[in-house]
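>
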Amino acid sequence: MNVQEVQKRLWEQSQQQRAHRESGTPLFPAEPCDLRLRKLMDLMHNPTWLAEAARRVMIRSYGKAPGVDGVTVPRFRSGFETKVEQLRLELKGGTYQPQPVRQVMIPKSNGKMRALGIPCLRDKIVQEAIRMALEPIFEVEFHEHSYGFRPNRNTHQAVYRCQHLMKHGFTWVIEGDVKACFDEISHKAILKVLREKVHDNKFLELIHRFLKAGVEVEGVVLPTVKGVPQGGVISPLLSNAVLNKLDWFLHGRGQYGKRAEKRNWDSQQPNVRFVRYADDWCVFVTRASRRYVCDLRSRIGRFLQAECGLRLSEEKTHITHVRDGFSFLGFDLTLAAGRSGNLVPKIHIGTKAKSQLRLRLDEAMRYRPHQESVALRIQRGSAVIRGWAHYYCIAYNYPKLTSTFDHWAFWTAVRAISRKLDIRAAKVLKQHYRDSTIVVSDQCKLERFRSIGIKLHVPGPEPYCPGGNADYETDEELEASFHRYTERGRFGQWDRKHQALQRDSYRCQSCGATVTAATSHADHIKPVNRFANFPMANALDNVQTLCPPCHAKKHRER
């Protein structure tokens, strides 16, 4: 089986089903249930399909937290083929039962906590297999102005679309937000949307099992009567499938095409456009009164309640005029004077984002365990700087603020090192200040905001290509995750690693290959368990630089 060819065929069949559904006339109505996709369950227990899903999950889940069974990627790889084959046989025999997701609470930018559900690796593999089948089917149905959790689409395109609508005379904006979308979305609405495209009861029953698998909170398994786990592989796709109903509802409120635009202009009738990123969306209205916009907001709320089982968030849903500005995805969009003196829409970094940056820098470098190494703190801080800068570099005021941001990051790092080493700031500068930044080694420097320039152009979304190598914008990328820099419980090891790298001239001490900090391991010549404590074992004369193959070979020969 060729996975790409199968996905392409699913996409083509979904296009045929949509064309048939929309081809009906009052005289000869089309049956919407005809040409629905069938036999998707056969893909779930196909060896090639399931192996490809497992391969993707193993890559994406490496180093991440396990589910309720505690199985990590390295542990699952032991007997990998046997475990995948057992999983396939359970799916084929109908005995597969998903395990509850493990709930963890993570802080949000507004100070509240977000419930994150972590599935087991086995369940992630099955969910990935489901997503691989459903994605080409529903990409046919999704609206072009939906940008969240879709291949080859990102937040920058959504923000630029808002700026484009502001340029073209849309005056009123409804800043919409769905209240606890992932937690409150109706299971009935999800299955209803799936049945419109899929005619396979076994496949739908498998998804229903995932929806009803439950959640483990502090060792107690609670039933799930609504919602999808935020953190599940298929959760974004299922929520998009339901909220796609809202997209086409808003699409029906607007007029399109040159003739329609001219007719509306002559009659002064309102016109509507929208931009949606997951559960955050903006509705733009022109040639309308505030009363009309308020009525539209009420209709949106009633539609969400009736069709999706969701409610609008009253504290986050606002009606504003474009001249007053509005916020979307961390950016402030306002009308400001351009070079010619006319008002033009501009994208600015949000006020909340600037205040959160200092906190994130402190959390990455200062508010860490005292034993954590200087090198790891700098790596964490650099990861935050890179992720934050690449996200906000489309803002008009980004170049003006880089000096301020670099000042914050620099002195945060100085204070962190000063407290870690119990020395004065002047001594920290004498030891680590090089080239206007903090330097631990040649390959461990604190990144600078000004080294990442402003992005003046963002290309539009590329057409969906079934089976292609699509790019996904994930929460992990937006949050500038630095889980790669964990030390596996041995605090302080990274400082010795960079010192050993410099001493060994960035060469593997076994094979002599040239290495970097990212492609090398710090190996203890004598095992740590032969010493009284870890600081004694971590002395520089007991640490050597090895490339990963040589390091693995050494441990196999023990």
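Here my numbering is used: position 149 in the sequence shown is 149, and no number is missing along the way.
Just so you know, even glycine gets a beta-carbon here, dropped at the ideal spot from N, CA and C.
Nothing here was measured: the structure is a model prediction, and the numbers come from that model.
Since N271 is in the beta strand (DSSP E), which residue starts that stretch and which ends it?
271-277
> Taking 8 Å as the cut-off, does the stretch 279-287 touch the stretch 201-221 (at least 3 CB pairs, one atom from each stretch)?
no
> Under a Cβ-count criterion, where at least 16 other Cβ atoms within 10 Å of its own Cβ denotes burial, should Y256 be classed as buried or exposed?
Exposed: under 16 other Cβ atoms inside 10 Å.
> Quick check for students: name the residue ranges of the alpha helix (DSSP H) that lie wholly in the stretch 115-150, counting only runs of 4 or more.
121-138
> Closest by CA to Q163, which one among K400, R323, Q443?
R323
> For the beta strand (DSSP E) that contains P345, what are its first and last residues?
343-349
> Roughly how many whole angstroms lie between the Cα atoms of K245 and R36?
If I take the Cα positions, the gap works out to 18 Å.
> Along the beta strand (DSSP E) that carries H321, what are the first and last residues, could you check?
Membership of H321 in the beta strand (DSSP E) is indicated by the continuous run 318-321.
> Identify the continuous alpha helix (DSSP H) that holds G176 and give its terminal residues.
No alpha helix (DSSP H) holds G176; the beta strand (DSSP E) holding it covers 172-177.
> How is T48 classed by DSSP in three states: helix, strand or coil?
helix
> Roughly how many angstroms lie between the CA atoms of L329 and Q157, to the nearest whole one?
11 Å
> Apart from the five residues on each side of it in sequence, which residues of its chain come closer than 6 Å, Cβ to Cβ, to E128?
A53, R56, V57, V233
> Tell me whether the beta-carbon of R377 lies closer than 8 Å to the beta-carbon of R368.
yes
> Check E90 in the structure and name its three-state DSSP category.
helix
> Taking 8 Å as the cut-off, does the stretch 136-145 touch the stretch 237-251 (at least 3 CB pairs, one atom from each stretch)?
Judged by Cβ distances under 8 Å, the stretch 237-251 makes contact with the stretch 136-145, as three or more pairs qualify.
> Quick check on Y398: buried or exposed, where buried means 16 or more other Cβ atoms within 10 Å of its Cβ?
buried
> Closest by CA to R575, which one among R88, G231, C33, M41?
There is simply no residue 575 to check, as the chain begins at 1 and stops at 558 in what is shown.
> Quick test of your reading: I185 and G227, contact by CB under 8 Å. State the CB separation rounded to the nearest angstrom.
6 Å
> Quick check: what's the CA-CA separation for F482 versus R299?
For F482, the predicted model reports a pLDDT of 41, less than 50, meaning its position is unreliable; a value from the coordinates is still stated below. Rounded to the nearest whole angstrom, the CA to CA distance from F482 to R299 is 43 Å.
> Identify, in the order they occur along the chain, each residue of the same chain with its Cβ nearer than 7 Å to the Cβ of Q15, setting aside the five sequence neighbours on each side.
Within the same chain, Q15 has close Cβ partners V140.
> What does S441 pair with, by DSSP beta-bridge criteria?
C444
> In the stretch 347-390, which residue ranges form an unbroken alpha helix (DSSP H) of at least 4 residues, counting only runs that do not cross its ends?
351-365
> As a quick exercise: from Q443, K124, K352, V384, pick the residue whose alpha carbon is nearest that of R639.
This structure does not reach residue 639, given that the chain is present from 1 up to 558, and the question cannot be answered.
> DSSP has R507 in a bridge; who is on the other side?
T514
> Jot down the residue ranges of each uninterrupted beta strand (DSSP E) in the stretch 223-250, minimum 3 residues, whole runs only, in chain order.
Runs of the beta strand (DSSP E) lying entirely within the stretch 223-250, each at least 3 residues long, are absent.
> Just to confirm, does H551 get its C-beta within under 7 Å of one of the non-hydrogen atoms of the ligand NAP?
For the ligand NAP, the structure offers nothing, since it holds no ligand at all.
> Output the distance between the C-alpha atoms of S520 and V543, rounded to the nearest integer angstrom.
The straight-line gap separating the alpha-carbon atoms of S520 and V543 is approximately 12 Å.
> Below 8 Å on the Cβ atoms is my guess for R38 versus H208; work out the distance and round it to an integer in Å.
With a Cβ gap of about 18 Å, R38 and H208 do not count as contacting.
> If you draw a straight line from the C-alpha of A306 to the C-alpha of G254, how long is it?
21 Å
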